[in-house]
Amino acid sequence: MTFSHLIAVNCHPFHALSDIREGLASVVKAAGIFRQRSRDRVDVRVFWHNPAPLPEDLRLLVDTNGFELVEAAHESNGANLNKQIDAAAAEGFDIFFRVDGDDTVTAQRFLKQAELLKHDECDICGAGLLYKPAGGNGFVVLPEPHPGARDYLENKYLLHPTMAFRIDRFRAAGLRYWTNRLEDKALLLAARKAGLRVMNIPVVAGGYNVGPRSRNRLVQKWLGLRLNLAFLWHTRNLHLVPYALALFTMQVAVGSQALRVLRYRLHRRNAASLRTGGSTQG
């Protein structure tokens, strides 16, 4: 059985052009390998949500590689994606891949997600991410094999913005992206409530650009807490509620970015301890 795949690349006004150039170059390479190794139809659609015109070098890149360019007004991430999913469904696509224009991707991401979705091992599939914070402090957040409650609370972004899913299952469950921030977390919760199978491939399959203060606003922390509590209630992991409240308190007091750096350092320290069979120095 053959499938048709749509890779939707969203370029937003807040994406730096240098990052978009790097991201689109990675899509060209990854989509090319995906097409070579698959007998399925693979289309790439670049959505330019920017009042400024698309630079000529990027337009040439899109045209040369047979991508479709769609120039559309910028709305929220969720509103944009909902329109794209509706259009993809109307055109008969089977699998939808979300890509943010300023992030890099690998062919491994597309190939593995397509394999899992085609063989009915899940309905929604994310891919692991590298964090590339502005200022270049070099820390990374490694993905986990599955989106467990603790990993969800630790804000590792198992799905965002690397989601792929079976469009028919997505729509049959009545799922829609919401139009506020943290749309990935809200969608994960809704998917679980709808009984969909959600998983994350256990590899780093791209690079994720994020500024040091981009997710430190109090309104986003408060929204994240509400979603976390709803998630724990739905999954009956109520013993983790104190952890969620403590995490929210620490995010407000210390800052989300500082907590991510600390988690990475602890991860490295624990990994070093396992390699040496005991304690670490320093």
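Note that UniProt numbering numbers the sequence shown so that position 236 is 236, with each residue one more than the last. Using N, Cα and C, we set each Cβ at its ideal position, and we do this for glycine too.
Between residue i and the rest of its own chain, which residues show a CB-CB distance below 6 Å, the 5 nearest in sequence each way excluded?
i       : result
Ile-201 : Lys-112, Ala-127
Thr-79  : Note that residue 79 is Ala in the sequence shown here, rather than Thr. So the list reads Thr-179, once near-sequence residues are dropped.
Gln-84  : Ala-8
His-15  : Gly-101, Asp-102
Leu-58  : none
Pro-13  : Asn-50, His-74
Arg-169 : Asp-123
Phe-47  : Asn-10, Val-70, Ala-72
Phe-67  : Val-44, Val-46
Sort the options by Cα distance to residue i and report the nearest one.
i       : options                         : result
Arg-45  : His-234, Lys-29, Ala-88, Asn-82 : Ala-88
Asp-40  : Glu-121, Met-199, Phe-110       : Phe-110
Thr-106 : Arg-169, Gly-32, Cys-11, Asn-50 : Gly-32
Pro-53  : Ala-244, Ala-172, Leu-69        : Leu-69
Glu-38  : Glu-56, Asp-123, Glu-115        : Residue identity check: residue 38 is Ser in the sequence provided, not Glu. Taking only the C-alpha atoms, the option nearest Ser-38 is Glu-115.
Pro-55  : Asp-43, Ser-76, Ala-246, Leu-24 : Leu-24
Using 8 Å for Cβ pairs, my map puts residue i next to residue j. What's the rounded Cβ distance?
i      : j      : result
Phe-96 : Ala-8  : 7 Å
Leu-60 : Val-28 : Actually they are not in contact, since the Cβ atoms of Leu-60 and Val-28 sit about 12 Å apart, beyond 8 Å.
Leaving out five residues before and five after residue i in sequence, what residues of the same chain have Cβ atoms less than 7 Å from its Cβ?
i       : result
Glu-22  : Thr-104
Phe-248 : Lys-221, Leu-225
Note down, in chain order, each residue of its chain lying with its Cβ closer than 8 Å to the Cβ of residue i, except the 5 sequence neighbours on either side.
i       : result
Asn-82  : Arg-176, Tyr-177
Val-241 : Leu-229, Leu-232
Arg-98  : Ala-8, Asn-10, Leu-81, Pro-161, Thr-162, Met-163, Ala-164
Ala-191 : Asp-123, Ile-124, Ala-173, Leu-175, Val-198
Evaluate residue i with the Cβ neighbour count: other Cβ atoms within 10 Å of its Cβ, from every protein chain shown; 16 or more gives buried, anything less gives exposed.
i           : result
Leu-238     : exposed
Ser-18      : exposed
Glu-183     : buried
His-234     : exposed
His-5       : buried
His-119     : exposed
Thr-64      : exposed
Gln-281     : Residue placement at Gln-281 cannot be trusted, given a pLDDT of 36 that sits under 50; what the coordinates show is reported in the next sentence. Gln-281 is exposed by the Cβ-count criterion.
Ala-164     : buried
residue 304 : The structure shown does not extend to residue 304, since the chain is modelled only from 1 to 282, so the question has no answer here.
Gln-36      : exposed
Leu-245     : exposed
Which full runs of the alpha helix (DSSP H) of 4+ residues lie inside the stretch 11-98, going along the chain?
-> 17-37, 56-64, 77-90
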